[in-house]
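Note that my numbering has the sequence shown beginning at 3, numbered continuously upward. We treat Cβ as the ideally placed atom computed from N, Cα and C, and that holds for glycine. Worksheet for the structure shown next.
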Amino acid sequence: MAMLGEGKPRAMVGLRSAPPPPATALQQWVLADYADLRLLRAALRRTLDAENLLPGKEVEDLAHRMTVVATELATNALSHARSPATVRLSRTRKALVLDVADGALSAPPEVLRARPLGAGGRGLQIVQEMATDSGWYTTNHAKHVWAEFGIPRRGRRFATPRISVFDLETFIRLLRRTGS
3 MAMLGEGKPR
13 AMVGLRSAPP
23 PPATALQQWV
33 LADYADLRLL
43 RAALRRTLDA
53 ENLLPGKEVE
63 DLAHRMTVVA
73 TELATNALSH
83 ARSPATVRLS
93 RTRKALVLDV
103 ADGALSAPPE
113 VLRARPLGAG
123 GRGLQIVQEM
133 ATDSGWYTTN
143 HAKHVWAEFG
153 IPRRGRRFAT
163 PRISVFDLET
173 FIRLLRRTGS
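As structure tokens, then:
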């Protein structure tokens with residue numbers, strides 16, 4: 003266990019080091035500073051609305067979780083990398099993926115546990131709670147931290163069965179004819 007300040011233990015739990023699943027890019031934003039976070043949230047929401055997911059509480063919850071996670075990851079990138087952050091939204095058949103890249107190749111993400119409230123450092127913990135999956139990887143020029151969110155499944159909509167309505171005598175005759 004690593005030590006944090008005044009001899010208090012700090013537990014570190016790492017994110018999985020792997021790229022996200024292959025996905026089709028939907029949108030990308032470059033954030034230069036913290037003022038861009040508000041614009042990111044609004045643009046992300048517009049993009050999710052344009053995706054025509056399923057209306058209702060499940061999609062509202064998904065949009066909320068994704069905007070919180072996008073804000074956390076972008077804030078981490080802007081804080082620790084001290085360089086612009088690139089946020090990319092992609093889609094697989096069953097999931098949406100947020101991928102946030104920054105220039106801090108030598109600083110792997112750390113999920114800190116057992117921190118006092120108000121001490122900060124809970125961004126990646128929030129990501130792990132709100133996303134279906136998460137991880138990180140590096141390329142030649144950037145460190146990427148990503149989060150995956152399952153797309154709510156459309157409820158099965160069965161057609162109403164066509165039942166012919168007839169009188170009881172006709173029904174009994176049919177039963178006798180079939181031998182039931």
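Residue i - partner residues in DSSP beta bridges
{"i": "residue 171", "result": "Answer is none; residue 171 lacks a bridge partner."}
{"i": "residue 150", "result": "99, 135"}
{"i": "residue 27", "result": "92"}
{"i": "residue 32", "result": "88"}
{"i": "residue 140", "result": "145"}
Length of the line joining the Cα atoms of residue i and residue j
{"i": "residue 60", "j": "residue 174", "result": "47 Å"}
{"i": "residue 108", "j": "residue 36", "result": "22 Å"}
{"i": "residue 98", "j": "residue 135", "result": "11 Å"}
{"i": "residue 2", "j": "residue 177", "result": "Only positions 3 to 182 of the chain appear in the structure, and residue 2 is not among them; the question remains open."}
{"i": "residue 90", "j": "residue 155", "result": "23 Å"}
{"i": "residue 49", "j": "residue 146", "result": "21 Å"}
{"i": "residue 124", "j": "residue 18", "result": "17 Å"}
The ligand HEM heavy atom lying under 7 Å from the CB of residue i
{"i": "residue 147", "result": "Ligands in the displayed structure: none, and consequently the ligand HEM is not present."}
Buried or exposed (CB count within 10 angstroms, at least 16 for buried), residue i
{"i": "residue 51", "result": "exposed"}
{"i": "residue 179", "result": "exposed"}
Query raised in the report: If you scan the region 35-112 from start to end, which runs of the alpha helix (DSSP H) of 4 or more residues do you find wholly inside it?
Result: 38-52, 59-83
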